[in-house]
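Engineer: Using our numbering, read the sequence shown as starting at 1 and increasing by one per residue. Heads up, the beta-carbon is just placed ideally off N, CA and C, and yes, glycines get one too. The model shown is predicted, which means the values in this text are computed figures rather than measured ones. Questions regarding the structure given below will be posed in turn.
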Amino acid sequence: MRKQFLVLGVAMVAMAATMTFVHADQQGGAGQAAPPAQGRGGGRGPATPPDANGECPKGMTLVRVGSCQAPEFPPPSIVDYRPKSTLVTEQHLVPKSKFPSIDLHGHPGQMVTSVDGITGMVKEMDKMNLRVMISADNSSGQTLVTKTTAVTASGVNKDRVRILTGINFSNVGPGWADKAIAQLEADVKAGAIGIGEIGKGFGMDTRKPDGSRLRIDDPELDPLWDACARLKMVVFIHTAEPPEFYSPLDMHNERWLELSLFRDRRRYEPDQVKFDDLMQQRDNLFKKHPKTTFVAAHFAWCGQDLGKCGRLLDMYPNVNLEVGAVLYDFGRQPRGAHDFFVKYQDRILFGKDAWAPEEYPYYWRVFETKDEYFDYYRNYHAFWKLYGMDLPDVVLKKLYFQNALRLLPGLPQTGWPK
Ligand SMILES: [Zn+2]
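This is the structure we're talking about:
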């Protein structure tokens with residue numbers, strides 16, 4: 001009964017369309033000008049060709065090869081347009097990492113200064129199978145002692161947290177290195193298991209006493225980096241901002257929204273150090289100190305160009321990569337990222353950057369599943385969806401804990417899966 005009704009409906013629509021056609025044809029026959037050719041899309045005017053660069057005029061979009069058109073309704077802004085995907089596909093949420101994990105790029109801040117803070121944090125860590133939180137908050141001197149004391153006092157949780165020390169880059173000049181090394185040695189004695197996160201200000205903002213910018217490869221720093229090798233202190237270093245932050249804020253910038261939201265991320269102004277210059281200074285540092293082990297935060301900002309990451313790792317065997325806050329680049333190239341993580345499985349470490357327990361499961365899902373076209377947790381980072389990389393267990397174990405255990409001997413070394 002219902003089916004018959006539907007068939008009848010379709011016939012009526014077809015009939016109405018025919019009638020309209022006849023009507024229009026009759027009008028044309030009565031001597032009125034025919035409307036301009038519109039194509040099947042039913043556009044509103046003559047075709048507007050793109051310019052010499054293949055771009056449509058402002059307010060128009062490409063509807064056919066060589067033909068631009070403006071939407072009939074005022075288009076929503078990128079802030080308001082939130083299309084809901086109609087894709088129906090299998091979903092596998094991953095609340096816990098498949099193997100116990102270590103967060104090299106942790107910023108627990110004040111939480112690790114007290115037993116209560118650590119206890120509360122560990123409760124959240126357990127929910128996602130995060131076994132060790134590494135505080136990469138540059139804790140040196142008394143701050144470090146406060147944190148390592150709290151860790152030691154936290155009883156059953158004393159192996160759930162480890163602390164990195166920091167380098168004080170103020171007043172770099174003659175005599176600076178000796179003082180910095182003495183402090184580093186004291187911090188190692190106080191329980192620091194590595195150095196970091198050396199912040200992005202190093203290279204971009206930090207100044208020498210004469211007011212000039214402190215270069216990442218400044219020779220005054222050389223004795224310190226060599227001391228790191230002697231003391232077996234891994235150097236976890238963040239250099240520069242994402243490359244898009246150095247590009248003009250125009251309609252082609254992938255991070256337009258983010259740059260518009262956060263003033264302090266705009267690095268395209270003329271007085272800023274250029275991205276390539278910063279990368280060069282950083283690579284000079286890697287090259288000058290082959291015995292010092294470095295971990296480059298945020299995948300050395302080459303997650304959008306894995307070929308470049310490969311050349312970096314091939315060139316400098318003392319360099320490793322950390323995955324914090326660049327999940328959007330792996331998730332948009334799951335096959336290429338899969339192959340890269342397999343090829344360089346001994347050189348990549350897990351890190352999250354920013355303590356937001358609800359965000360970790362996005363990492364597990366991208367690394368572990370074959371899921372397709374799912375949301376990322378931060379809209380302004382990426383105007384696209386994520387896909388799972390489906391990494392094999394052997395790679396997941398190295399990513400989640402084995403590489404960290406090897407590079408940072410001060411981590412709790414027992415009780416891990418084989
Ligand atoms: Zn960080």
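1. Rounded C-beta distance between PHE299 and VAL323? I'm assuming under 8 angstroms.
2. Report back the beta-carbon spacing between GLY109 and ASP137 to the nearest angstrom; my notes put them in contact at under 8 angstroms.
3. Residues in its own chain within less than 7 angstroms of TYR377 by CB, not counting five upstream and five downstream?
4. Is ASP353 near ligand 1, in the sense that its beta carbon is under 7 angstroms from a heavy atom of that ligand?
5. Considering only heavy atoms of ligand 1, does any lie closer than 7 angstroms to the CB of GLU241?
6. Would you kindly report the start and end of the unbroken alpha helix (DSSP H) that includes PHE294?
7. Please specify which runs of the beta strand (DSSP E), each continuous and at least 3 residues long, are wholly inside the stretch 136 to 221, giving them in chain order.
8. Would you say HIS107 touches ligand 1, meaning its beta carbon is less than 7 angstroms from a heavy atom?
9. Would you give the residue range spanned by the beta strand (DSSP E) that ASN379 belongs to?
10. How would you write the range of the alpha helix (DSSP H) that GLU372 sits in, first residue to last?
11. Taking all protein chains shown into account, do 16 or more other C-beta atoms lie within 10 angstroms of the C-beta of THR414, making it buried, or fewer, making it exposed?
12. Should TYR246 and LYS274 be called a contact, given that it needs their Cβ atoms to be closer than 8 angstroms?
13. Opposite MET133 in the DSSP bridges: which residues?
14. Less than 8 angstroms between the CB atoms is what I'm expecting for GLY203 and LEU278, so what's the real figure, rounded?
15. Assess contact between the stretch 110 to 121 and the stretch 384 to 401, defined as three or more Cβ pairs (one per stretch) separated by less than 8 angstroms. Is contact present?
16. For ASP283, count neighbouring C-beta atoms within 10 Å of its own C-beta (all shown protein chains included) and say buried if the count is 16 or more, exposed if not.
17. From which residue to which residue does the beta strand (DSSP E) around GLN69 run?
18. With H, G and I counted as helix, E and B as strand and the rest as coil, what does DSSP make of ARG64?
19. So which of LYS98, GLU269 and ASN253 has the shortest CA-CA distance to GLU368?
20. Okay, do the stretch 137 to 155 and the stretch 190 to 198 touch, 3+ Cβ pairs below 8 angstroms being the bar?
21. What would DSSP say about ASN320, mapped onto helix, strand or coil?
22. Should GLU197 be counted as a contact of ligand 1 given a C-beta to heavy atom distance under 7 angstroms?
23. Consider the C-beta atom of ALA70 and the heavy atoms of ligand 1; say whether any pair is separated by less than 7 angstroms.
24. Could you give the C-beta distance for SER139 and GLY166, rounded to a whole number, given that I count them as a contact under 8 angstroms?
25. Of all the CB atoms in chain C, is at least one closer than 8 angstroms to the CB of ALA52?
26. In chain order, what residues of the same chain have a beta carbon less than 6 angstroms from the beta carbon of HIS92, not counting five sequence neighbours either side?
27. Spatial neighbours of GLY59 within its chain, please: C-beta separation below 7 angstroms, excluding the five flanking residues on both sides.
28. So, helix, strand or coil for LEU391, using DSSP?
29. With a cut-off of 8 angstroms, do at least 3 Cβ pairs link the stretch 325 to 335 to the stretch 259 to 276?
30. Does the stretch 237 to 256 come close enough to the stretch 292 to 307 to have 3 or more Cβ pairs within less than 8 angstroms?
31. From TYR380, ALA325, TRP364 and LEU396, pick the residue whose C-alpha is nearest to that of TYR344; which is it?
32. Could you pull the start and end residues of the beta strand (DSSP E) that VAL235 belongs to?
33. Consult DSSP for THR119 and reduce its assignment to one of helix, strand or coil.
34. Could you tell me the distance, in whole angstroms, from the CA atom of ASN253 to the CA atom of THR206?
35. Based on the DSSP secondary-structure assignment, which residues constitute the bridge partners of ILE348?
36. Tell me which residue opens and which closes the alpha helix (DSSP H) that TRP256 is part of.
Structural biologist: Well, looking at it:
1. Position 299 of the sequence shown, counting from 1, holds the residue named residue 299. Position 323 of the sequence shown, counting from 1, holds the residue named residue 323. Going by Cβ atoms, the distance from PHE299 to VAL323 rounds to 6 angstroms, so yes, they are a contact pair.
2. What you label residue 109 is simply residue 109 of the sequence shown in a count that begins at 1. What you label residue 137 is simply residue 137 of the sequence shown in a count that begins at 1. GLY109 to ASP137, Cβ: 6 angstroms. Contact.
3. Here the question's residue 377 lines up with position 377 in the sequence shown. Excluding residues within five positions, the ones whose Cβ falls inside 7 angstroms are GLU359 and TYR362.
4. Taking the sequence shown and counting its residues from 1, the one referred to as residue 353 is at position 353. True, at least one ligand heavy atom lies under 7 angstroms from that Cβ.
5. Translated into positions along the sequence shown, residue 241 becomes position 241. No; taking the cut-off as 7 angstroms, the Cβ of GLU241 has no heavy atom of ligand 1 nearer than that.
6. In the sequence shown, counting from the first residue as 1, residue 294 sits at position 294. Here PHE294 belongs to no alpha helix (DSSP H); instead the beta strand (DSSP E) covers 294 to 296.
7. 161 to 163 and 195 to 198
8. On the sequence shown, position 107 is the one that residue 107 refers to. Because some heavy atom of ligand 1 lies under 7 angstroms away, the Cβ of HIS107 counts as near it: yes.
9. Numbered from its first residue, the sequence shown carries residue 379 at position 379. Counting along the chain, ASN379 falls outside any beta strand (DSSP E), and DSSP gives it neither H nor E.
10. Here residue 372 refers to the residue found at position 372 of the sequence shown. Counting along the chain, GLU372 falls outside any alpha helix (DSSP H), and DSSP gives it neither H nor E.
11. As a first step, residue 414 must be located in the sequence shown, where it is residue number 414. THR414 should be labelled exposed.
12. On the sequence shown, position 246 is the one that residue 246 refers to. On the sequence shown, position 274 is the one that residue 274 refers to. For TYR246 and LYS274, yes; Cβs fall inside 8 angstroms.
13. Reading the sequence shown from its first residue, position 133 is the one you call residue 133. Answer is ASP103 and VAL161.
14. Sequence index remark: in the sequence shown, residue 203 carries index 203 (1-based). Sequence index remark: in the sequence shown, residue 278 carries index 278 (1-based). That belief holds up - the Cβ atoms of GLY203 and LEU278 are roughly 5 angstroms apart, short of 8 angstroms.
15. no
16. Numbered from its first residue, the sequence shown carries residue 283 at position 283. The residue in question, ASP283, is buried, as its Cβ has 16 or more Cβ neighbours within 10 Å.
17. On the sequence shown, position 69 is the one that residue 69 refers to. GLN69 -> beta strand (DSSP E) spans 67 to 69.
18. Residue numbering aside, residue 64 sits at position 64 when the sequence shown is read from its first letter. In this structure, ARG64 counts as strand in the three-state DSSP scheme.
19. The residue given as residue 368 occupies position 368 in the sequence shown. Comparing Cα positions, the closest option is LYS98.
20. yes
21. To locate residue 320, count along the sequence shown from 1; it is residue 320. Strand.
22. Within the sequence shown, the letter at position 197 stands for residue 197. The answer is yes for GLU197.
23. Locating residue 70 in the sequence shown gives position 70, where the first residue counts as 1. Because no heavy atom of ligand 1 lies under 7 angstroms away, the Cβ of ALA70 does not count as near it: no.
24. Taking the sequence shown and counting its residues from 1, one reaches residue 139 at position 139. Taking the sequence shown and counting its residues from 1, one reaches residue 166 at position 166. 6 angstroms between Cβ atoms; contact.
25. Included in the structure is just one protein chain, with no chain C present.
26. Here residue 92 corresponds to residue number 92 of the sequence shown, with the count starting at 1. The residues are THR369 and ASP371.
27. Stepping through the sequence shown from its first residue, residue 59 is reached at position 59. Contacts found: ALA70.
28. Along the sequence shown, one-based indexing puts residue 391 at 391. Here LEU391 sits in coil by DSSP.
29. Put simply, the stretch 325 to 335 does not touch the stretch 259 to 276. Fewer than three CB pairs are less than 8 angstroms apart.
30. Yes, they touch.
31. One-based indexing of the sequence shown puts residue 344 at position 344. The option with the nearest alpha carbon to TYR344 is LEU396.
32. Stepping through the sequence shown from its first residue, residue 235 is reached at position 235. Membership of VAL235 in the beta strand (DSSP E) is indicated by the continuous run 235 to 237.
33. Within the sequence shown, the letter at position 119 stands for residue 119. It is helical.
34. As a working mapping, residue 253 is identified with position 253 in the sequence shown. As a working mapping, residue 206 is identified with position 206 in the sequence shown. Their backbone Cα atoms lie some 27 angstroms apart in a straight line.
35. Sequence index remark: in the sequence shown, residue 348 carries index 348 (1-based). Note: ILE348 sits in a beta bridge opposite LEU321.
36. The count along the sequence shown starts at 1 and reaches residue 256 at position 256. Element bounds for TRP256: 256 to 261.
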